[in-house]
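Below: one structure, written as structure tokens.
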Amino acid sequence: MLECLDIHAFKLIEDIHIDFKDGFSVITGETGAGKSIMLSALSLLSGAKGEAASIRNGFDSATVTGQFYINSNDKELVSFLEENNIDYCDDTLIVKRIIKTNGRTLSYINNEAINRNLLMQLSTYLIDISAQHAHQSIMKSSKQLFLLDSYGENFEFLDEYKEAYQRVKDLENQKSEIENIINSSKQQEDYLKYAFEEINSVDPKENEDEELSDKIRRISQFEQIHDNISYIINILGNSYEGASTINNLENCNELLDKVGRKDDTLRPLASRIKSCTLEIEDIYETLKDYLDNMQYSQVELDQMQSRLAQLQKIKKKYGPSLSSVIEFKNNIDSKLSALTNGEDDIIFIEKKLNKAKAELKDRAYALSARRKKSSLKLATSIEKTLKKLGMKHASFAVDLKTKDFHLDGIDSVDFLMSANPGIEKRSIKEIASGGELSRVMLAIKTTLSEKDKVSILVFDEVDAGIGGEVATNVAQALLDLAATSQVIAITHLASIASKAHSHLMVKKYVEHDLSFTSIVELNNEERVSEIARMLSGDSNSKVSIEHAKALLD
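Right, here's the structure in full:
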């Protein structure tokens, strides 16, 4: 539901804050007071285009902000928000539109910039405005088809159809992929076979080139490594060129051990020398083992260099890396296999495809038959409601046409209506009168109230050209809708305004030669006065006041 609305520098409004209540709310006011401004503001929040001309004189931008309560039980709306990563923390959604003087309009949800298309999509779940030229999801063929399926309880049949439709699409894609591979492979068959044989003869392994390069590097440095380690071994342990490091350390250890018996402070040094000796001896033995195990083979080096050259060659031709060469080889193998087995695969898929298409056809016709049956009932129900709402000569039809298979079946739908006898029914999209359109929307929503639960319903001119019993019926229809949705109606009729749970009044006034529009919620006393004005044009008339009180009781 719409909890509150803030409007700044928009048309005749400078700054207003409006709190809305759940249930049925009406907006009233004298002609020219600015009731249409409220409709424009709500349309802006539902994704309508903004115009620089809407900015109040003296300001560089206009802002309309709406705070909405999100019912977590509204599965369709919640699903849309989650799919589009729109946060609704604390079940609250804040929608803001800013119109700039250059005509640019900015859109925000919870202070995050969004594009207008996303806002328009959101509004189909959030707010539905029944007024001339207003954006309405119910005008779309896809929405009408959804409503028809809701009314006819066709979703189980629709789901079965969609499963069959997806199976056909999957099989068609499989067939197309194999055909593309075959056609592509036939043109390159000789090349593919040559490339496969060349790579296969080398038989590269993952990272083999890097491992070989490392081995070759170590072998090519054999002499330098050998000489340096030999030199270290001689220094540490061989004594034929003089006392070795190990011998010298052992001698130092003996001497320190002797003098340590005479001076206790020197004993720790003897222990440290001994530790150094043991560590050096371990290094010495490790280096000797390494030197003993060092092998050098020119033949082995030549073989490794030759192998590396092979790998570099196929990398250059099919690379850039061995992993990409191996992947290329596997792709070739798949293409060659497709050439060998592809025709058989296509025949197999075609058999499955023919069976899937037959099943799709059966399910499409079954779904279409249910739609035709429910379309007659829906049209009859809406037509009856239209007559109750004052359109005595109205006729309504749900026009179903067969089209190619698509995700939602083989049907397209269009709601048709004629308001007068002898006039051909035409699409409700073409209805020119705002009053007629609002009552058509009211009739549709009344008939489908349990199926099309849009959070907020806005009606303008729903009372145009009616009165008496018809106006009472319209008021009751709006009140009934308010049991499941928040209903906001702009009205001129006291019989409708008196049924509302909340009453807002729009007023225009002049101050310092400037025109302003304000809107306030009326208390009981103010409401009596406003309804009296709506009845007779005179809010002070005793007769009108008594009549107003009677309507409100």
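497 is the number that this note's numbering gives to position 517 of the sequence shown; each next residue is one higher, with no gaps.
Glycine included, each C-beta is placed from N, C-alpha and C at the ideal position.
In whole angstroms, what is the alpha-carbon distance linking residue i and residue j?
i, j, result
"Leu127", "Phe0", "28 Å"
"His115", "Asp40", "Bear in mind that the predicted position of His115 carries a pLDDT of just 49, short of 50, making it too unreliable to give a figure here."
"Leu494", "Gly14", "14 Å"
"Phe395", "Ser117", "13 Å"
"Val467", "Ser478", "14 Å"
"Val523", "Gly12", "26 Å"
"Ser519", "Asp391", "55 Å"
"Thr320", "Ser314", "10 Å"
"Leu366", "Val442", "12 Å"
"Arg147", "Tyr88", "40 Å"
"Glu323", "Asn310", "20 Å"
"Ala469", "His(-3)", "18 Å"
"Val6", "Asn90", "28 Å"
"Leu333", "Leu151", "6 Å"
"Ser303", "Glu190", "12 Å"
"Ser301", "Ala289", "14 Å"
"Leu246", "Leu236", "7 Å"
"Leu86", "Glu92", "10 Å"
"Ser407", "Ala377", "9 Å"
"Gln154", "Ser52", "41 Å"
"Tyr171", "Ser156", "23 Å"
"Ile362", "Tyr145", "32 Å"
"Asn64", "Lys433", "21 Å"
"Ser465", "Val438", "10 Å"
"Ser355", "Asp379", "8 Å"
"Lys357", "Pro401", "21 Å"
"Ile179", "Asp207", "41 Å"
Confirm, please, whether the CB-CB distance from residue j to residue i is below 8 Å.
i, j, result
"Cys232", "Ile212", "no"
"Ala474", "Ala528", "yes"
"Ile499", "Met18", "yes"
"Glu(-17)", "Phe48", "yes"
"Ile540", "Asp67", "With the chain represented from -19 up to 533, any question about residue 540 goes unanswered, as that position is not in the structure."
"Gly30", "Met100", "no"
"Asp325", "Ile158", "yes"
"Leu461", "Thr497", "no"
"Ser23", "Ile109", "yes"
"Met274", "Lys195", "no"
"Ala111", "Asp440", "yes"
"Val454", "Ile476", "yes"
"Leu216", "Ser210", "no"
"Phe4", "Leu347", "no"
"Leu502", "Glu510", "yes"
"Ala42", "Phe(-10)", "yes"
"Asn134", "Arg343", "no"
Just mark residue i as buried or exposed, buried being the case when its beta carbon has 16 or more other beta carbons within 10 Å.
i, result
"Glu535", "Residue 535 cannot be examined here, being either before or after the span of the chain that is shown, -19 to 533."
"Ala416", "Per the sequence shown, the amino acid found at residue 416 is Glu instead of Ala. Under this definition Glu416 is a buried residue."
"Glu534", "Since the displayed the chain opens at -19 and closes at 533, residue 534 lies outside it and no answer follows."
"Val239", "exposed"
"Glu515", "Checking the sequence shown, residue 515 turns out to be Leu, not Glu. Leu515 should be labelled buried."
"Glu62", "exposed"
"Thr266", "exposed"
"Asp129", "buried"
"Leu258", "exposed"
"Ala336", "buried"
"Gln201", "exposed"
"His483", "buried"
"Asn82", "exposed"
Determine the DSSP secondary structure at residue i, reduced to helix, strand or coil.
i, result
"His115", "Below a pLDDT of 50, predicted positions are generally treated as unreliable, and His115, at 49, falls in that range; the measurement from the model is reported next regardless. Reduced to three states, the DSSP call for His115 is coil."
"Leu428", "coil"
"Phe328", "helix"
"Gly217", "helix"
"Gly240", "helix"
"Leu380", "strand"
"Tyr88", "strand"
"Gln534", "Absent from the structure is residue 534, since the part of the chain shown begins at -19 and ends at 533."
"Leu588", "This structure cannot speak to residue 588, because the chain is shown only from -19 to 533."
"Met485", "strand"
"Asp67", "coil"
"Val450", "helix"
"His(-3)", "strand"
"Gln275", "coil"
"Ile403", "coil"
"Thr81", "coil"
"Lys433", "coil"
"Thr11", "coil"
Mind pulling the alpha helix (DSSP H) runs of 4 or more residues that sit fully within the segment 148 to 185? Taking only runs of at least 4 residues, the alpha helix (DSSP H) segments lying wholly in the segment 148 to 185 are 169 to 182.
At 3 residues or longer, and completely inside the segment 491 to 517: list those beta strand (DSSP E) runs for me, N to C. Every beta strand (DSSP E) of 3 residues or more that sits fully in the segment 491 to 517 is shown, in chain order, as 494 to 501.
Quick check for students: name the residue ranges of the alpha helix (DSSP H) that lie wholly in the segment 36 to 63, counting only runs of 4 or more. The segment 36 to 63 contains, as complete alpha helix (DSSP H) runs of 4+ residues, the segments 55 to 63 (chain order).
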